[in-house]
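J.: Input: one structure, supplied below.
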Amino acid sequence: MAKPTEEWLTQANYDMDTADYMFRGGRYMYTVFMCHLSLEKALKGRYAEKLGKEPPKTHNLLYLLEKMKLTLPEDLFDFISTLNRVSIPTRYPDDLQRILKDYDKKKTKEVLDQSKQVLQWLSAR
162 MAKPTEEWLT
172 QANYDMDTAD
182 YMFRGGRYMY
192 TVFMCHLSLE
202 KALKGRYAEK
212 LGKEPPKTHN
222 LLYLLEKMKL
232 TLPEDLFDFI
242 STLNRVSIPT
252 RYPDDLQRIL
262 KDYDKKKTKE
272 VLDQSKQVLQ
282 WLSAR
């Protein structure tokens with residue numbers, strides 16, 4: 162594995178650990194944010210490895226997949242599509258109380274668990 166890819170994946174794992182920490186602290190909105198950031202970095206690492214160039218400065222996970230022509234199992238792709246959409250309010254100012262209501266413990270745990278599955282899949286490639 163090339164050094165840039167290794168660094169992207171190291172940071173992706175660090176961010177997933179941070180997502181765990183945020184979850185345990187009840188900071189569910191930030192758990193979702195960190196899950197997205199973790200998968201974004203993992204995808205950018207794969208991008209650097211596969212295409213041999215610096216990944217684009219984007220938060221769009223689907224765009225990164227498309228540019229790499231990376232095919233994921235359908236359930237993982239569906240989850241990434243959902244995460245790509247639901248994480249937008251965590252990044253930009255909106256009604257905080259509404260956002261906090263959208264990310265309860267159960268829903269956030271599902272996001273965290275599925276994000277870990279995607280990260281594991283990307284790390285194994």
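Per the working numbering, the very first residue in the sequence shown carries number 162; after that it's consecutive.
Think of the CB as a built atom: it goes at the ideal place given N, C-alpha and C, for glycine as much as any other residue.
Along the chain, where does the alpha helix (DSSP H) containing Gly206 start, and where does it finish?
T.: Element bounds for Gly206: Tyr189 to Leu212.
J.: For the alpha helix (DSSP H) that contains Tyr150, what are its first and last residues?
T.: Since the displayed the chain opens at 162 and closes at 286, residue 150 lies outside it and no answer follows.
J.: So Ala173 packs on Ala203, CB below 8 Å; how close in whole Å?
T.: Yes, they are in contact, since the Cβ atoms of Ala173 and Ala203 sit about 4 Å apart, within 8 Å.
J.: Mind checking which residues open and close the alpha helix (DSSP H) that includes Asp236?
T.: Glu235 to Val247 is the span of the alpha helix (DSSP H), which, as asked, contains Asp236.
J.: Should Pro234 go down as buried or exposed, given a rule of 16 or more other Cβ atoms within 10 Å for buried?
T.: Exposed, since its Cβ has fewer than 16 Cβ neighbours within 10 Å.
J.: With a Cβ-Cβ cutoff of 8 Å, do Arg252 and Phe194 count as a contact?
T.: It is a contact, given that the beta carbons lie within the stated cut-off.
J.: State the Cα-Cα distance for the pair Asp255 and Thr171, rounded to the nearest angstrom.
T.: About 31 Å.
J.: Contact defined as beta carbons within less than 8 Å: I believe Thr192 pairs with Leu273. What is the distance between those atoms, to the nearest angstrom?
T.: That belief holds up - the Cβ atoms of Thr192 and Leu273 are roughly 6 Å apart, short of 8 Å.
J.: Under 6 Å Cβ to Cβ from Val279, same chain only, skipping five residues before and after it: list those, please.
T.: Hits under 6 Å: Leu200 and Leu237.
J.: Rank Lys205, Ile241 and Gln275 by C-alpha distance to the C-alpha of Lys228 and give the top, closest one.
T.: If we check each option's Cα against that of Lys228, Lys205 comes out closest.
J.: Report buried or exposed for Ile249, applying the criterion of at least 16 other Cβ atoms within 10 angstroms of its Cβ.
T.: Under this definition Ile249 is an exposed residue.
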